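With this note's numbering applied, the sequence shown corresponds to residues 7 to 309, in that order.
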Amino acid sequence: FFINESIIVKDTKGIKFEFREEGGEDMNDVIHIVRVPRDPEYDYLISIDGNKFGTPYDSTIMKGFSDKNLVKEGWEEVIATNGSIFYYYDKSCYAEGLEKSRGVNNQPFDMHAVSKFKDTMALGCKWNGDLDIDYQRNIQANINNYYGAITGAFGLLKNGYKNTAGAELENIRNGLYSGLSGRTVWGYDSKTDTYMVISHPGVTGKSGIRGDALVELCKKEGMTDAICLDGGGSRWLRFEGKELATTTRKVKNAVILYRRKKKGTILDEPINKPVEETKPQDASPKEEIKELLAKLIELVEKL
Numbered sequence: 007f008f009i010n011e012s013i014i015v016k017d018t019k020g021i022k023f024e025f026r027e028e029g030g031e032d033m034n035d036v037i038h039i040v041r042v043p044r045d046p047e048y049d050y051l052i053s054i055d056g057n058k059f060g061t062p063y064d065s066t067i068m069k070g071f072s073d074k075n076l077v078k079e080g081w082e083e084v085i086a087t088n089g090s091i092f093y094y095y096d097k098s099c100y101a102e103g104l105e106k107s108r109g110v111n112n113q114p115f116d117m118h119a120v121s122k123f124k125d126t127m128a129l130g131c132k133w134n135g136d137l138d139i140d141y142q143r144n145i146q147a148n149i150n151n152y153y154g155a156i157t158g159a160f161g162l163l164k165n166g167y168k169n170t171a172g173a174e175l176e177n178i179r180n181g182l183y184s185g186l187s188g189r190t191v192w193g194y195d196s197k198t199d200t201y202m203v204i205s206h207p208g209v210t211g212k213s214g215i216r217g218d219a220l221v222e223l224c225k226k227e228g229m230t231d232a233i234c235l236d237g238g239g240s241r242w243l244r245f246e247g248k249e250l251a252t253t254t255r256k257v258k259n260a261v262i263l264y265r266r267k268k269k270g271t272i273l274d275e276p277i278n279k280p281v282e283e284t285k286p287q288d289a290s291p292k293e294e295i296k297e298l299l300a301k302l303i304e305l306v307e308k309l
């Protein structure tokens with residue numbers, strides 16, 4: 007059984023997405039490709055949701071991820087996926103490279119878990135919703151410009167050209183790139199101002215897609231910039247609240263795209279507009295006479 011189909015989804019708020027599935031009957035055997043164009047009626051923000059190393063919740067299951075700070079302010083989740091690869095040290099779960107979560111930098115730059123990956127591609131989420139995919143050292147140098155940031159497994163595309171920075175870092179990374187595996191990819195199409203996610207199934211070392219083929223897939227799908235995050239058994243995807251790929255593993259953090267209606271747009275007008283109060287009409291002469299007579303009768307009765 008094989009699906010190869012484009013579906014345009016229009017939600018109740020008028021946002022159009024392109025969502026495509028390719029693969030088998032089982033949910034976790036399907037390739038999901040999602041495009042979210044930036045609608046001018048909305049603001050967008052990408053959040054990294056993770057907790058500082060050493061805390062009880064420094065890793066969690068997919069259902070546990072949500073940027074509650076943004077949700078309280080009226081932001082709605084669009085896409086959520088797994089994020090960083092684990093870096094184990096001294097019984098703590100670190101992220102490999104940067105982890106700026108919900109506006110807070112979780113990992114000091116001088117930590118080996120961070121400094122080791124400075125020449126790897128990273129993902130930076132600016133406060134205005136812009137997505138930057140660049141070398142970790144560049145994201146790190148401008149960390150205050152970003153609401154969230156994490157380092158990927160390796161790069162795929164930068165400004166339309168192949169850039170696999172991180173894959174050559176060590177044998178382990180090279181094996182991740184050149185071998186078969188499931189993949190989680192975040193990217194951007196700067197030509198159409200569109201966020202993009204590819205969630206590709208696979209078991210590390212046994213099935214999935216190799217790095218070179220993944221680069222070509224990203225090009226084919228129109229991405230100009232793309233980065234590969236963790237994959238294999240850690241891959242999961244949630245789109246508009248629906249779980250499309252799941253895992254029972256705990257993961258280090260999540261990448262979540264949010265949107266919120268811009269203030270001052272036509273969509274902000276209340277559905278039930280308040281009715282304007284009408285001024286009472288002047289009473290007719292007959293009504294005034296009746297009122298006067300009633301008052302006179304009342305006075306007479308008191309005498």
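Just so it is clear, CB atoms sit at the ideal spot from N, CA and C, and this is done for glycine as well.
Just so you know, these numbers come straight off a predicted model, no measurement behind them.
Residue i versus residue j: straight-line alpha-carbon distance, rounded
{"i": "residue 249", "j": "residue 192", "result": "17 Å"}
{"i": "residue 100", "j": "residue 182", "result": "19 Å"}
{"i": "residue 180", "j": "residue 69", "result": "31 Å"}
{"i": "residue 45", "j": "residue 96", "result": "45 Å"}
{"i": "residue 59", "j": "residue 113", "result": "8 Å"}
{"i": "residue 48", "j": "residue 297", "result": "58 Å"}
{"i": "residue 152", "j": "residue 81", "result": "18 Å"}
{"i": "residue 282", "j": "residue 269", "result": "Legend: pLDDT at residue 282 = 40, less than 50; position of this residue unreliable, value from coordinates given subsequently. Answer to the nearest angstrom: the Cα atoms are 23 Å apart."}
{"i": "residue 238", "j": "residue 211", "result": "9 Å"}
{"i": "residue 121", "j": "residue 266", "result": "35 Å"}
{"i": "residue 119", "j": "residue 241", "result": "22 Å"}
{"i": "residue 209", "j": "residue 220", "result": "15 Å"}
{"i": "residue 35", "j": "residue 207", "result": "5 Å"}
{"i": "residue 124", "j": "residue 132", "result": "19 Å"}
{"i": "residue 213", "j": "residue 185", "result": "9 Å"}
{"i": "residue 41", "j": "residue 200", "result": "6 Å"}
{"i": "residue 262", "j": "residue 177", "result": "30 Å"}
Proximity winner among the options, relative to residue i (alpha-carbon distances)
{"i": "residue 231", "options": "131, 105 and 194", "result": "194"}
{"i": "residue 64", "options": "76, 93, 45 and 39", "result": "93"}
{"i": "residue 198", "options": "228, 52 and 62", "result": "228"}
{"i": "residue 111", "options": "98, 237 and 148", "result": "148"}
{"i": "residue 171", "options": "81, 233 and 265", "result": "233"}
{"i": "residue 98", "options": "258, 239 and 106", "result": "258"}
{"i": "residue 164", "options": "225, 84, 241 and 262", "result": "225"}
{"i": "residue 223", "options": "128, 202, 61 and 108", "result": "202"}
{"i": "residue 134", "options": "160, 184, 178 and 53", "result": "53"}
{"i": "residue 189", "options": "169, 161 and 200", "result": "161"}
{"i": "residue 102", "options": "108, 109 and 115", "result": "115"}
{"i": "residue 141", "options": "175, 40 and 217", "result": "175"}
{"i": "residue 78", "options": "146, 108, 61 and 167", "result": "108"}
{"i": "residue 256", "options": "40, 167, 215 and 90", "result": "90"}
{"i": "residue 56", "options": "150, 154, 300 and 302", "result": "154"}
Short CB-CB distance (under 8 Å) between residue i and chain D
{"i": "residue 207", "result": "Annotation note: the requested chain D is absent from the structure, which comprises a single protein chain."}
Residue range of the alpha helix (DSSP H) that includes residue i
{"i": "residue 147", "result": "142-147"}
{"i": "residue 183", "result": "177-184"}
{"i": "residue 222", "result": "217-226"}
{"i": "residue 121", "result": "118-121"}
Range of the contiguous beta strand (DSSP E) that encloses residue i
{"i": "residue 77", "result": "No beta strand (DSSP E) contains residue 77, which is instead part of the alpha helix (DSSP H) from 74-78."}
{"i": "residue 86", "result": "82-88"}
{"i": "residue 55", "result": "48-56"}
{"i": "residue 242", "result": "Looking at the DSSP string, residue 242 is not in any beta strand (DSSP E), and its letter there is neither H nor E."}
Counterpart residues of residue i in DSSP-defined beta bridges
{"i": "residue 133", "result": "Bridge partners of residue 133: none, in fact."}
{"i": "residue 310", "result": "Nothing can be reported for residue 310: it is not among the residues displayed for the chain, which extend from 7 to 309."}
{"i": "residue 108", "result": "For residue 108, which the question treats as bridged, DSSP gives no partner whatsoever."}
{"i": "residue 303", "result": "Residue 303 is not bridged to any residue."}
Residues near residue i by beta carbon distance below 6 Å, same chain, minus five either side
{"i": "residue 243", "result": "38, 87, 205, 250 and 251"}
Residues of its chain near residue i, where Cβ-Cβ distance is below 8 Å and the 5 sequence neighbours each way are ignored
{"i": "residue 254", "result": "67"}
{"i": "residue 169", "result": "127, 161, 162 and 163"}
Spatial neighbours of residue i in its chain, beta-carbon cut-off 7 Å, leaving aside the 5 residues before and after
{"i": "residue 158", "result": "126, 127, 128, 129, 172, 233, 234 and 235"}
{"i": "residue 75", "result": "108"}
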